[in-house]
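These notes are about the structure you will find just below.
Numbering (the numbering used here), first residue to last: 604 to 705.
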């Protein structure tokens, strides 16, 4: 009986702490772009003209002309807040860019 009580208490405490930590991490990512915004920016990046701020114009170089890549957003505390690929199918993206992004 005591074992069940201790086990139930431990599980409840674990669940409460997990929920609390998840909410705290979400707050740390507040104000950063969501997945849809990240994907649209990543897809548009190779085609930004030189006349736009940050645009390089011409060929971006790299593998696949910068069209099969990962992007990741990390907050100031180093928590990974989001990541997406430039394609709908992550298996069609260069695996090395995932390691670089994350």
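Each residue gets a CB set at the ideal place from its N, CA and C atoms; glycine is no exception.
What's the C-alpha gap between residue 633 and residue 689?
The residue labelled residue 633 in the question sits at position 30 within the chain shown. The residue labelled residue 689 in the question sits at position 86 within the chain shown. Cα-Cα distance, rounded: 23 Å.
Assign residue 641 to buried or exposed, taking buried as 16 or more other Cβ atoms, counted over all protein chains shown, within 10 Å of its Cβ.
Sequence index remark: in the chain shown, residue 641 carries index 38 (1-based). A residue is called buried once 16 or more other Cβ atoms fall within 10 Å of its Cβ, and residue 641 is buried on that count.
I'd like the list of long-range same chain contacts for residue 645, defined as Cβ closer than 7 Å, with 5 residues on each side in sequence excluded.
Position 42 of the chain shown, counted from the start, is the residue given in the question as residue 645. Contacts found: 672, 674, 687, 689.
Which class does residue 680 belong to by DSSP, given the choice of helix, strand or coil?
Position 77 of the chain shown, counting from 1, holds the residue named residue 680. Looking at residue 680 - three-state DSSP - the assignment turns out to be coil, as it is neither helix nor strand.
Do residue 676 and residue 636 have their C-beta atoms within less than 8 Å of each other?
Translated into the one-based positions of the chain shown, residue 676 becomes position 73. Translated into the one-based positions of the chain shown, residue 636 becomes position 33. Contact: yes.
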